[in-house]
Amino acid sequence: MGDLFRRRSEKDHWDRFWSEADSVEEVYSNDGRVVEHLSRVCDVSGKRILEVGAGTGRDSIVLSRMGATVVSLDYSIESLNLVKKGSGEADEVLLCCGNAFSLPFADETFDVVFHQGLLEHFTNPDDLLAENVRVLKPGGLLLVDVPQRFHYYTLMKHMMIFFNKWFAGWETEFSVGELEKILRRHSLDIVLSYGEWFNPPIWYRMLRRGLIRAGIKLPMYPGIFDILGKMMGTLRNWALRRRFFLYTTVIVGTIAKKREEI
Numbered sequence: 025m026g027d028l029f030r031r032r033s034e035k036d037h038w039d040r041f042w043s044e045a046d047s048v049e050e051v052y053s054n055d056g057r058v059v060e061h062l063s064r065v066c067d068v069s070g071k072r073i074l075e076v077g078a079g080t081g082r083d084s085i086v087l088s089r090m091g092a093t094v095v096s097l098d099y100s101i102e103s104l105n106l107v108k109k110g111s112g113e114a115d116e117v118l119l120c121c122g123n124a125f126s127l128p129f130a131d132e133t134f135d136v137v138f139h140q141g142l143l144e145h146f147t148n149p150d151d152l153l154a155e156n157v158r159v160l161k162p163g164g165l166l167l168v169d170v171p172q173r174f175h176y177y178t179l180m181k182h183m184m185i186f187f188n189k190w191f192a193g194w195e196t197e198f199s200v201g202e203l204e205k206i207l208r209r210h211s212l213d214i215v216l217s218y219g220e221w222f223n224p225p226i227w228y229r230m231l232r233r234g235l236i237r238a239g240i241k242l243p244m245y246p247g248i249f250d251i252l253g254k255m256m257g258t259l260r261n262w263a264l265r266r267r268f269f270l271y272t273t274v275i276v277g278t279i280a281k282k283r284e285e286i
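Position one of the sequence shown corresponds to residue 25 (the numbering used here), numbered consecutively onward.
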């Protein structure tokens, strides 16, 4: 039982995860939600943007093509190699191998800082957020995108963590209220919060990943889920505009603004 409480998400977990992905296409995208919601509150053209925890770099590449100067940071070389493959010969994104808890940038460098699927992997989120805020200009925006607490994904994930089968080693989750509260502790004002359900759903994605290790490869996007998604599209859009449903989504995100004077 003691080992359970000592589990952490370590660099080795991520080197292994990203090295197993032959290409960006082998990793599920976030369906553009980060860029979509950031674009609701900010014209990114001409902005200096930092992505902390590069992953595949999809969002960074899109933001660069929208006219931003983007730096994508990760401590895994395997992740940065994927970003480089995705951006091609154009080198659209500036790559940086570094530590999210000690960012190699001066104070007030960036107009926007964002991360998706990062904060939940650390037991000391305030330390990470403090670094985000340090490199953010006054009036700049921080976008944080994490797993949402009240979802069956939480139960499935913690069962796998208990049996030491979780790909990332360890992970937590947040409700929209918890996420907003944490961000306010860092002299940030909430601009908006959003949520999203996955299509295909999370249970299918986890099943697919497990079967790959057994030598069975299911399609990433079965046609049935595309049909169901189109059928439920109007209801989904209606629900996601109401705060109550942000407590039912698989992920939740918040965009917050750094105060002009701290």
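Quick reminder that beta carbons are idealized off the backbone N, C-alpha and C, glycines included.
My guess is that G56 and G70 are in contact by the Cβ rule of under 8 Å, so how many angstroms apart are they, rounded? At roughly 21 Å, the Cβ-Cβ gap does not stay under 8 Å, so G56 and G70 are not in contact.
*asked:* Quick check: the segment 248-259 against the segment 167-187, are at least 3 beta-carbon pairs closer than 8 Å?
replied: no
Can you tell me which residues form a DSSP beta bridge with R72? T93
Quick check on the DSSP output: the beta strand (DSSP E) that includes E60 runs from which residue to which? Careful: E60 lies outside any beta strand (DSSP E), inside the alpha helix (DSSP H) at 57-65.
- Item | 8 Å Cβ cutoff met for V159 and F134 | yes
Among residues of its own chain, excluding the 5 on either side of L242, which ones have a beta-carbon nearer than 7 Å to its beta-carbon? R232, L235
**Asked** What does M168 pair with, by DSSP beta-bridge criteria?
**Response** Rather than Met, the amino acid found at residue 168 in this sequence is Val. V168 pairs with H139, T278.
Would you kindly report the start and end of the unbroken beta strand (DSSP E) that includes E220?
212-220
Among M255, H175, H210, N123, whose alpha-carbon lies nearest the alpha-carbon of E75? N123
key: Beta-carbon gap between I85 and S111 smaller than 8 Å   = yes
Handout entry: Spatial distance of E195 from K108 (CA atoms)
Key = Those two C-alpha atoms are separated by around 27 Å.
Query - Assumed close pair C23, V95 - CB separation to whole angstroms, cut-off 8 Å - result: This structure cannot settle anything about residue 23, because the visible part of the chain is limited to 25 through 286.
| query | Where does T80 land, buried or exposed, given buried means 16+ other C-beta within 10 angstroms? | reply | buried
Inset, instruction - Could you tell me if D98 is buried or exposed, where buried requires 16 or more neighbouring beta carbons within 10 angstroms of its beta carbon? - result: Here D98 is buried, its C-beta having at least 16 other C-beta atoms within 10 Å.
query: According to DSSP, which residues form a beta bridge with S126?
result: N123
| message | Residues in the same chain with beta-carbon distance under 8 Å from K161, minus the five sequence neighbours each way, listed in chain order, please. | response | E132, T133, F134, D135, K282
- Under 8 Å by Cβ, that's how I've got V168 and T278 pegged, so tell me the actual separation to the nearest angstrom. 6 Å
*Burial state of P128, where buried means 16 or more other Cβ atoms lie within 10 Å*: exposed
* Near V307, what residues of its chain come up, given a Cβ to Cβ distance below 7 Å and the 5 sequence neighbours on each side ignored? -> Nothing in the structure corresponds to residue 307, since the chain is present only between 25 and 286.
> Closest to G141 by CA distance: which of S126, D150, A154, Q172 is it?
Replying inline: Nearest of S126, D150, A154, Q172 to G141, Cα basis: Q172.
Consult DSSP for D98 and reduce its assignment to one of helix, strand or coil.
strand
TODO: Quick one: measure Cβ to Cβ for L207 and A280, integer angstroms, because I've assumed they're closer than 8 Å.
DONE: 5 Å
* Using only alpha-carbon positions, find the residue among Y176, R64, G77, W227 that is nearest to F146. => Nearest to F146 by C-alpha distance, out of Y176, R64, G77, W227, is G77.
*Do three or more CB pairs link the segment 215-225 to the segment 257-269 at distances below 8 Å?*
yes
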